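Q:
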């Protein structure tokens, strides 16, 4: 900047201000556009996660094509009641997260915090039920490996089912654990004085992630527990 | 405008915004509650299919109900209902890419014939060749890098009954006719592939 322009800037700062504002990204100047950007960014991330879990489901589909009988026998050993309870917990958690995101957008931070605490508690309950299921399957000898046996015999298809089952549900549980930790953190911030750090766009993006984890479990539920009729 | 008037205008504006937010929040809670009840009803229907002996209908029903639940969550909870074009496009592209992944993978997998139980796809070729040769009544040969495994003959007895979508095996191709006159044909350096097709 030459001496003449510099003198002008000092003498008339209002003439320089529009230039300074244009140097910032215009989107950050409008809350609505910030919200849209956060939403789109999370959707793009979820599209990638969809492909990640889609590959896991595809592996299941190919394996079940070749080992249908083994998969049916293995699925009959899973706990339908625990799986149904877990699905109900996650669906209720999703409803709570949606209500929390809406409360945040309607400028109700304390109510949003309450909804987020409810969602986090339901997520923890899911993980607890899943842990009890794992313990039961371990004691029944259903963990794949040298000690695997189903009804006292080795079945390659059943062992393949349980290998996939433990891998897929562990991946899902890891995603859910991250979601629970983030939700609990946001609930803490929303209930405190620093609630501006948990603004509506961030809460909405977190809710999208939570709903995606729920969608993954909705897809896993029939593949694990409903392979063949029971009783 | 006096300071008191400015305060009054700002208070009225905040009250109108708050009333609008209250109405929006109340309607959203009703919508989420109704969706939650619908999802629980679908879950109950899905669990009930475990008691129904419907053959392939079980798979169709459970998968269909799961897709419906996913669509409800995406449409209502995830906000696709009121989202603008870019998030909807991102969701659609992700779903399309998943369908493409599934279609192209199944195109590769479905036409493959099931191998005998002892010859699994993840075993080394050196282990598969003697098993296949024994299964098809051919002389056992040791595996060398220049020799490919012989094409499997139809194995209807060993095909698993639980794979209704396995394609019917194709017959192996007839041996090539001997050449007339002249010098004998040189031995073929390229063996047919596992499907019996000449390379």
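Protein chains in written order, with this note's numbering: chain B, 1 to 231; chain F, 232 to 430.
All C-beta atoms in this analysis are idealised placements derived from N, C-alpha and C, irrespective of residue type, glycine included.
Because the structure is a prediction, the values reported are computed rather than measured.
1. Output, in sequence order along the chain, the residues in the stretch 93 to 104 of chain B whose CB is closer than 7 angstroms to any CB in chain F.
2. To which residues of the same chain is residue 137 of chain B closer than 7 angstroms at the C-beta, ignoring the five residues directly before and after it?
3. Using CA coordinates, which residue listed in B:163, B:214, B:199 is at the minimum distance from residue 175 of chain B?
4. Could you pull the DSSP bridge partners for residue 153 of chain B from this structure?
5. Check whether chain F comes within 8 angstroms of residue 121 of chain B, counting only Cβ atoms and requiring the distance to be less than that.
6. Can you say whether residue 83 of chain B is buried or exposed, counting buried as having 16 or more other CB atoms within 10 angstroms of its CB?
7. In its own chain, which residues sit with a C-beta less than 6 angstroms from the C-beta of residue 225 of chain B, not counting the 5 before and 5 after it?
8. First and last residue of the alpha helix (DSSP H) that includes residue 219 of chain B?
9. Is the distance from the Cβ of residue 329 of chain F to the Cβ of residue 51 of chain B below 8 angstroms?
10. Does the Cβ of residue 53 of chain B have 16 or more other Cβ atoms within 10 Å, making it buried, or fewer, making it exposed?
11. I need the straight-line Cα distance from residue 283 of chain F to residue 230 of chain B, nearest angstrom please.
12. Ordered along the chain, which non-local residues of its own chain (more than five positions away) have a Cβ less than 8 angstroms from that of residue 87 of chain B?
13. Using C-beta distances below 6 angstroms, list every residue in its chain close to residue 232 of chain B, excluding the 5 sequence neighbours before and after it, in chain order.
14. Report the option in B:48, B:91, B:56, B:37 whose CA atom is closest to the CA atom of residue 275 of chain F.
15. Is it buried or exposed for residue 318 of chain F, if we count other Cβ within 10 angstroms and need 16 for buried?
16. Leaving out the 5 sequence neighbours to the left and right, which residues in its chain are closer than 6 angstroms to residue 277 of chain B when beta-carbon positions are compared?
17. Whose CA, out of B:183, B:182, B:158, lies closest to the CA of residue 69 of chain B?
18. Do residue 49 of chain B and residue 212 of chain B have their C-beta atoms closer together than 8 angstroms?
19. Note down, in chain order, each residue of its chain lying with its Cβ closer than 8 angstroms to the Cβ of residue 104 of chain B, except the 5 sequence neighbours on either side.
20. Is it right to say residue 377 of chain F is buried, meaning 16 or more other beta carbons lie within 10 angstroms of its own, or is it exposed?
21. In or out: residue 300 of chain F buried (at least 16 other Cβ within 10 Å) or exposed?
22. For residue 73 of chain B, which of B:162, B:122, B:134, B:106 has the nearest alpha-carbon?
23. Looking at the secondary structure, which residues open and close the alpha helix (DSSP H) in which residue 92 of chain B lies?
24. Between residue 325 of chain F and chain B, is any beta-carbon pair separated by less than 8 angstroms?
A: In this structure, then:
1. 94, 95, 98, 99, 102, 103
2. Taken in chain order, the residues that qualify are 143.
3. B:214
4. B:150
5. no
6. buried
7. 78, 80, 83
8. 200 to 225
9. Taking 8 angstroms as the Cβ cut-off, residue 329 of chain F and residue 51 of chain B qualify as a contacting pair.
10. buried
11. 8 angstroms
12. 217, 218, 221
13. Outside the modelled stretch of chain B, which goes from 1 to 231, sits residue 232 of chain B, for which no answer is possible.
14. Taking each of B:48, B:91, B:56, B:37 in turn and checking the Cα distance to residue 275 of chain F, the smallest one comes out for B:91.
15. By the 10 Å Cβ count, residue 318 of chain F comes out buried.
16. Residue 277 of chain B lies beyond the stretch modelled for chain B, which goes from 1 to 231, so this question has no answer here.
17. B:158
18. yes
19. 112, 190, 198, 199, 200, 203, 204
20. Summary for residue 377 of chain F: the model assigns pLDDT 42, below 50, so the residue's position carries little reliability; its value from the coordinates is reported in the next sentence. By the 10 Å Cβ count, residue 377 of chain F comes out exposed.
21. buried
22. B:162
23. Annotation for residue 92 of chain B: the continuous alpha helix (DSSP H) segment containing it runs 80 to 105.
24. Any Cβ of chain B closer than 8 angstroms to the Cβ of residue 325 of chain F would place that residue at the interface, and such an atom is present.
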